[in-house]
Amino acid sequence: MRRHETVGAHVVASALRARPECAGKVGSIGYCLGGKLAYLTAARTDCDASVGYYGVGLDGVLGEKGKIKKPLMLHIAELDQFVPPEAQAKVKDGLKGMVNVEIHSYPGVDHAFARHKGDHYDKAAAELANSRTLAFLKKHLA
């Protein structure tokens, strides 16, 4: 997320907050590269809550963790072919102890486990992740 993208994210959040159907809070959810963008949204914008599913490259942006002031939830697939175990460990260790960050790890599932009808779809893991996401967003956006 470059500077102009961060500015764009602020504009989008402000526009959403101004909509009559919005209660004043906005959240972000991202999958894969979008999972990394959800992390960066938590670090670089005033978004009220962010959720990242199997985000790629998070180990390379851990230096921004100190900027995360709003709630962030991450879902990590333990067999993720795009995020090796070393990168997963680095993310988990790097974010350990942050009270506003929740990390859920899913054993036995691969990248895109929550993509309905995808090659690696895992119904049980997807339903668990999605229920956690819904509860998280209700808690922080209601």
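Using this note's numbering, you'd call the opening residue of the sequence shown number 444 and step up by one each time. Idealized CB from N, CA, C, for every residue including glycine.
Simplified DSSP assignment, three categories, for residue i
i           : result
residue 492 : strand
residue 532 : helix
residue 518 : strand
residue 482 : helix
residue 544 : strand
Cα-Cα separation, residue i to residue j
i           : j           : result
residue 456 : residue 497 : 23 Å
residue 539 : residue 474 : 22 Å
residue 516 : residue 577 : 11 Å
residue 568 : residue 543 : 23 Å
Spatial neighbours of residue i in its chain, beta-carbon cut-off 8 Å, leaving aside the 5 residues before and after
i           : result
residue 528 : 521
residue 479 : 473, 495, 498, 499, 500, 501 and 504
residue 491 : 468, 469, 470, 513, 514, 583 and 584
residue 444 : Bear in mind that the predicted position of residue 444 carries a pLDDT of just 48, short of 50, making it unreliable; the figure below should be weighed with that in mind. Closer than 8 Å at Cβ, skipping near neighbours: 452, 480, 483, 484 and 487.
Residues near residue i by beta carbon distance below 6 Å, same chain, minus five either side
i           : result
residue 525 : 499 and 554
residue 533 : 502
residue 493 : 471, 481, 484, 485 and 515
residue 531 : 519
Local Cβ density within 10 Å of residue i, reported as buried at 16 or more and exposed below that
i           : result
residue 536 : exposed
Neighbourhood of residue i by C-beta, 7 Å cutoff - its chain only, sequence neighbours within 5 removed
i           : result
residue 548 : 519 and 521
residue 476 : 499
Is there contact here, the stretch 477–485 with the stretch 505–516, by at least three beta-carbon pairs under 8 Å?
Touching, per the Cβ criterion.
So does the stretch 551–562 actually touch the stretch 459–468, counting three or more Cβ pairs closer than 8 Å?
A contact is defined here as three or more CB-CB pairs under 8 Å, and the stretch 551–562 fails this definition with respect to the stretch 459–468.
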